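K.L.:
Got a structure for you, questions after.
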Amino acid sequence: MLMRALGRSKWTALGGWVLAIFLGLSCPGAGYPKEAPVTQTTPPPGSGEAEIIFTGKLFCSLKRRIDLPFKGVITSLRAHSGQRVETGEILATYHLAPETQMAIHQRLSPPQISDLEMRLSEMDHSRTQLVKKQKEISRLASQKLAPAESLTQIDEDLQWHDKVQTATRQRLQEARKLARQDQEVLSDLLGTALKSGQAPQEGSLKAPISGYIIGVNPEMRDGAELTPMPGAFQVGVMDPMLLRAQVFEIEALQIKIGEQADVTLDALPGRKFQAKVSRIAWASIATGPEQPAYYEVELKVPNPDLILKEGLKARIVLRKSE
43 MLMRALGRSK WTALGGWVLA IFLGLSCPGA GYPKEAPVTQ TTPPPGSGEA
93 EIIFTGKLFC SLKRRIDLPF KGVITSLRAH SGQRVETGEI LATYHLAPET
143 QMAIHQRLSP PQISDLEMRL SEMDHSRTQL VKKQKEISRL ASQKLAPAES
193 LTQIDEDLQW HDKVQTATRQ RLQEARKLAR QDQEVLSDLL GTALKSGQAP
243 QEGSLKAPIS GYIIGVNPEM RDGAELTPMP GAFQVGVMDP MLLRAQVFEI
293 EALQIKIGEQ ADVTLDALPG RKFQAKVSRI AWASIATGPE QPAYYEVELK
343 VPNPDLILKE GLKARIVLRK SE
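Going by the numbering used here, the sequence shown opens with residue 43, and the numbers climb by one from there.
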């Protein structure tokens with residue numbers, strides 16, 4: 043009898059466990075991501091300290107992308123991965139395609155500006171004629187040789203003409219302003235100074251910041267004919283590096299900005315680095331009520347010898363006094 047009762051209770055418990063897994067209600071870990079970031083809090087024996095241990099990945103502290111803005115043929119490739127570059131340094135030059143040169147020429151000499159200038163010139167001439175006519179009618183009206191209504195009409199025509207001419211002049215000023223701004227944009231994209239009406243034949247890609255070349259598009263080769271391409275180069279600041287990690291809510295609330303941590307990497311056995319907490323997110327990564335709350339924590343790691351590279355995985359140990 044006792045064995046039967048135990049057997050029934052065993053199968054009842056097992057059935058409840060299976061039902062819980064199926065419904066996702068009370069199963070331990072239900073709703074958690076399959077690969078949640080590992081965070082541990084362990085006190086070393088007799089140390090009086092607790093360790094918060096988690097993992098993260100290394101990133102450049104600042105990174106900029108350089109795009110190839112126009113179609114052309116690469117004439118000179120001057121930079122390679124790992125090379126130190128300074129702001130404004132030329133990384134590559136390219137010869138613009140003929141159709142690109144024509145399009146740039148049209149942008150540097152917008153036809154609407156010429157049209158507005160011609161229209162204003164015609165308005166100046168017509169206004170001169172209206173003023174002469176106004177003087178003549180005024181003289182005739184003073185001698186009772188012309189009706190007063192004709193003088194009123196010419197005055198109204200002159201006022202209307204002045205309003206239209208003022209609006210046209212404002213449009214011309216706005217068109218010239220936009221043309222100057224577009225010329226500055228083209229100059230920045232082409233990496234060279236431009237003059238109105240003169241389309242360049244070559245462009246250059248320049249480093250927007252000082253740092254190291256951390257990426258070169260494999261299509262970037264001398265003599266390659268390329269269409270506009272994003273990410274021709276990537277320049278990054280590698281000292282310091284940023285270490286980003288996702289920390290479980292209990293441990294995240296214990297971490298403070300400025301705290302020190304020890305960093306080790308599987309890729310660099312025997313080396314230990316010092317890091318400092320520089321940022322703690324105030325909002326959880328997951329928003330669903332059934333998901334665990336993890337917060338992004340960022341640390342700065344000095345990298346004077348540039349041994350740390352972007353993408354390396356690191357183990358972080360942060361010690362807290364009990």
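Glycine is no exception: its CB is placed at the ideal position from the N, C-alpha and C atoms. Quantities reported herein were computed from a predicted structural model and do not represent experimental measurements.
Please say whether Ser103 and Val279 have beta carbons closer to each other than 7 Å?
P.N.:
To locate residue 279, count along the sequence shown from 1; it is residue 237. To locate residue 103, count along the sequence shown from 1; it is residue 61. A contact, by the Cβ cut-off of 7 Å.
K.L.:
Provide the residue span of the alpha helix (DSSP H) that contains Met165, from first to last.
P.N.:
Counting from one through the sequence shown, the residue named residue 165 turns up at place 123. Per DSSP, Met165 belongs to the alpha helix (DSSP H) from 153-184.
K.L.:
Scan the segment 259-305 and note each continuous beta strand (DSSP E) run of 3 residues or more that stays entirely inside, going in chain order.
P.N.:
271-290
K.L.:
Measure the beta-carbon distance from Val305 to Tyr337 and round it to whole angstroms, keeping in mind my assumption that it falls under 8 Å.
P.N.:
Locating residue 305 in the sequence shown gives position 263, counting from the first residue. Locating residue 337 in the sequence shown gives position 295, counting from the first residue. Wrong, their Cβ atoms sit about 19 Å apart, outside the cutoff.
K.L.:
Taking contact to mean at least 3 C-beta pairs separated by less than 8 Å, is the segment 174-191 in contact with the segment 153-161?
P.N.:
No contact exists between the segment 174-191 and the segment 153-161.
K.L.:
Compute the Euclidean distance between the alpha carbons of Ile95 and Glu293, then round it to the nearest angstrom.
P.N.:
On the sequence shown, residue 95 is found 53 positions in, with the first residue counted as 1. On the sequence shown, residue 293 is found 251 positions in, with the first residue counted as 1. When rounded, the distance between both Cα atoms is 9 Å.
K.L.:
Start and end of the beta strand (DSSP E) containing Glu365?
P.N.:
Residue coverage of the chain in this structure runs from 43 to 364, which leaves residue 365 outside it and unanswerable.
K.L.:
Which two residues bound the contiguous alpha helix (DSSP H) that contains His203?
P.N.:
Residue numbering aside, residue 203 sits at position 161 when the sequence shown is read from its first letter. Start and end: 190-232.
K.L.:
Just to confirm, are Glu352 and Phe101 a CB contact at a threshold of 7 Å?
P.N.:
By one-based count along the sequence shown, residue 352 stands at place 310. By one-based count along the sequence shown, residue 101 stands at place 59. It is a contact, given that the beta carbons lie within the stated cut-off.
K.L.:
Using three-state DSSP, classify Gln125 as helix, strand or coil.
P.N.:
The residue given as residue 125 occupies position 83 in the sequence shown. Reduced to three states, the DSSP call for Gln125 is coil.
K.L.:
In angstroms, rounded to a whole number, what distance separates the CA positions of Lys99 and Glu131?
P.N.:
Here the question's residue 99 lines up with position 57 in the sequence shown. Here the question's residue 131 lines up with position 89 in the sequence shown. Those two C-alpha atoms are separated by around 30 Å.
K.L.:
Is DSSP giving Glu340 helix, strand or coil here?
P.N.:
For the purposes of this step, residue 340 is taken as the residue at position 298 of the sequence shown. Strand, per DSSP.
K.L.:
Which residues does DSSP list as the beta-bridge partners of Gln143?
P.N.:
Within the sequence shown, the letter at position 101 stands for residue 143. BP columns for Gln143 are empty, so no partner.
K.L.:
Return the CA-CA distance between Pro70 and Gly330, expressed in angstroms with no decimal places.
P.N.:
One-based indexing of the sequence shown puts residue 70 at position 28. One-based indexing of the sequence shown puts residue 330 at position 288. Any reading at Pro70 needs caution, since the residue's pLDDT is 38, under 50, leaving its predicted position unreliable; the model's value is listed next. One C-alpha to the other measures close to 17 Å.
K.L.:
What separation, rounded to the nearest whole angstrom, lies between the Cα atoms of Glu301 and Ala323?
P.N.:
Taking the first residue of the sequence shown as 1, we reach residue 301 at position 259. Taking the first residue of the sequence shown as 1, we reach residue 323 at position 281. For Glu301 and Ala323, the distance between alpha carbons rounds to 15 Å.
K.L.:
Give me the residue from Asp347, Phe315, Ala325 with the minimum Cα distance to Val359.
P.N.:
Here residue 359 corresponds to residue number 317 of the sequence shown, with the count starting at 1. Minimum Cα distance to Val359 is reached at Phe315.
K.L.:
What would DSSP say about Gln333, mapped onto helix, strand or coil?
P.N.:
Stepping through the sequence shown from its first residue, residue 333 is reached at position 291. Correct three-state label for Gln333: coil.
K.L.:
In angstroms with no decimal places, state the Cα-to-Cα distance between Val60 and Asp347.
P.N.:
Taking the sequence shown and counting its residues from 1, the one referred to as residue 60 is at position 18. Taking the sequence shown and counting its residues from 1, the one referred to as residue 347 is at position 305. Low per-residue confidence applies at Val60: pLDDT is 38, beneath 50, and the placement is therefore not dependable, though the value from the model is reported in the following sentence. One C-alpha to the other measures close to 55 Å.
K.L.:
Using alpha carbons as the reference points, say which of Ala274, Glu216, Pro152 lies closest to Arg120.
P.N.:
Walking along the sequence shown from the start, residue 120 turns up at place 78. It is Ala274 whose Cα lies nearest to the Cα of Arg120.
K.L.:
Could you round the C-beta distance between Val277 and Ile146 to whole angstroms and report it? I think they count as a contact, below 8 Å.
P.N.:
For the purposes of this step, residue 277 is taken as residue 235 along the sequence shown, with counting starting at 1. For the purposes of this step, residue 146 is taken as residue 104 along the sequence shown, with counting starting at 1. Not quite, the Cβ-Cβ distance comes to about 25 Å (not below 8 Å), so this is no contact.
K.L.:
Return the first residue and the last residue of the beta strand (DSSP E) that Gln316 is part of.
P.N.:
Start at 1 with the first residue of the sequence shown, and residue 316 comes out as number 274. 310-322 is the extent of the beta strand (DSSP E) around Gln316.
K.L.:
What residue range does the beta strand (DSSP E) around Ile132 cover?
P.N.:
For the purposes of this step, residue 132 is taken as residue 90 along the sequence shown, with counting starting at 1. First-last of the beta strand (DSSP E) with Ile132: 132-138.
K.L.:
I'd like the list of long-range same chain contacts for Ile297, defined as Cβ closer than 8 Å, with 5 residues on each side in sequence excluded.
P.N.:
Residue numbering aside, residue 297 sits at position 255 when the sequence shown is read from its first letter. Excluding sequence neighbours, Ile297 sits near Ile94, Val289, Val319, Ile322, Val339, Leu360.
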